[in-house]
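Residue numbers (the working numbering): 3 to 86. Even glycine gets a Cβ: it sits at the ideal position worked out from N, Cα and C. A short worksheet on the structure shown next.
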């Protein structure tokens with residue numbers, strides 16, 4: 003293989019599971035690490051509507067509610083697709 007081809011190949015050896023679960027697992031780890039390492043609690047989650055990551059992190063902190071914020075572009079795209 004050419005060296006340029008090797009650089010473009012993804013290396014996901016640190017994730018065990020399906021590619022669909024990767025976003026959820028990473029979001030959970032980021033939220034968890036922020037609390038352990040920096041005593042920081044996230045209160046907002048900015049994501050797209052079809053993401054399952056919010057469901058994973060919404061109850062990570064026992065007494066803190068996490069709000070879900072969505073990009074208006076993703077909302078427009080979903081609504082437009084359903085109206086056709």
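Start and end residues, alpha helix (DSSP H) containing residue i
i	result
residue 56	55–59
Check whether residue i and residue j have beta carbons under 8 Å apart
i	j	result
residue 55	residue 34	no
Minimum Cβ-Cβ distance from residue i to chain D less than 8 Å
i	result
residue 83	Here there is only one protein chain, and chain D is not present.
8 Å contact criterion, which residue i and residue j should meet: CB distance rounded
i	j	result
residue 68	residue 45	6 Å
Spatial distance of residue i from residue j (CA atoms)
i	j	result
residue 53	residue 19	17 Å
residue 21	residue 27	10 Å
residue 39	residue 84	42 Å
residue 48	residue 59	12 Å
residue 23	residue 31	12 Å
Buried or exposed (CB count within 10 angstroms, at least 16 for buried), residue i
i	result
residue 66	exposed
residue 81	exposed
Closer than 7 Å: residue i CB and nearest the ligand SAH heavy atom
i	result
residue 37	Of the ligands one can find in the structure shown there are none, so the ligand SAH has no counterpart to examine.
Delimiting residues of the beta strand (DSSP E) encompassing residue i
i	result
residue 48	46–49
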